[in-house]
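Worksheet: one structure, shown below.
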Amino acid sequence: MNLSASQPDFLAAVAGEDSGLGQEVLLQEPASIFDRPGFGSVAFRRSITATLSGLPGVGGPGEDLSIGSAGSLARHAYQPAEWNSVHSGSSTITSDEEGEVEESGYASLERFLIAWGLAQYVHKFKDEQIDLDALMLLTESDMKSLGLPLGPYRKLVTAVQERKQALSHPGPIIDTAI
Numbered sequence: 001m002n003l004s005a006s007q008p009d010f011l012a013a014v015a016g017e018d019s020g021l022g023q024e025v026l027l028q029e030p031a032s033i034f035d036r037p038g039f040g041s042v043a044f045r046r047s048i049t050a051t052l053s054g055l056p057g058v059g060g061p062g063e064d065l066s067i068g069s070a071g072s073l074a075r076h077a078y079q080p081a082e083w084n085s086v087h088s089g090s091s092t093i094t095s096d097e098e099g100e101v102e103e104s105g106y107a108s109l110e111r112f113l114i115a116w117g118l119a120q121y122v123h124k125f126k127d128e129q130i131d132l133d134a135l136m137l138l139t140e141s142d143m144k145s146l147g148l149p150l151g152p153y154r155k156l157v158t159a160v161q162e163r164k165q166a167l168s169h170p171g172p173i174i175d176t177a178i
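The UniProt record's numbering applies: residue 1 is where the sequence shown begins, and numbers increase by one.
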């Protein structure tokens with residue numbers, strides 16, 4: 001009886017007969033798509049080429065593109081000025097200073113309002129030029145004049161009272177384990 005390699009001969013194996021398949025065929029691992037020679041270059045060449053061709057180059061077509069080459073290092077060291085700084089009028093603020101400027105502005109107020117679920121009212125405080133320090137100085141009548149609905153108004157009053165209490169009685173600072 002002739003059988004293909006995919007059809008095992010169970011009856012012959014039980015009877016102790018030789019199935020005709022060599023020992024090397026039985027010990028082979030099943031084929032995989034990753035074992036095909038040249039598969040990687042065929043499957044991935046198009047996507048890598050498209051990705052690399054879309055990147056802007058500094059030099060000409062003869063530039064060496066290997067990692068760590070002089071051309072590669074020069075290309076990575078060069079960054080346009082508009083990526084490193086924000087131009088405002090005649091002064092230039094670097095990206096490090098930009099975070100400090102934003103921090104001194106309304107970022108702390110935004111975090112405070114977001115923590116209390118009042119993020120949608122940030123624009124009202126910015127329109128009135130109220131930062132977090134100014135918010136702590138407002139009286140209840142000042143807050144009422146902002147025109148907030150009753151629910152958000154009560155949240156804001158409670159948040160300000162809790163912050164004032166926390167600042168007046170900070171408590172001990174202890175290390176914690178994560």
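Here a beta-carbon is modelled for each residue, glycine too, at the ideal position from N, C-alpha and C. Note that the structure is predicted; figures quoted are calculated from it, not measured.
Using only alpha-carbon positions, find the residue among the options that is nearest to residue i.
i	options	result
A115	G105, K126, I130, K155	K155
A119	S141, Y153, D142	Y153
K164	L138, I178, E128, K124	L138
Which two residues bound the contiguous alpha helix (DSSP H) that contains residue i?
i	result
H123	122-127
T158	150-168
V114	Inspection of the sequence shows that residue 114 is occupied by Ile rather than by Val. Run containing I114: 108-115, per the alpha helix (DSSP H) assignment.
L138	Premise fails: L138 is in no alpha helix (DSSP H) and is neither H nor E.
Taking the CB atoms as reference points, tell me whether residue i and residue j lie closer together than 9 Å.
i	j	result
L132	L109	yes
L135	F112	yes
V160	M143	yes
Using the Cα positions of residue i and residue j, report the straight-line distance between them to the nearest angstrom.
i	j	result
Y106	T158	20 Å
T176	K126	36 Å
E140	P170	23 Å
E162	G117	15 Å
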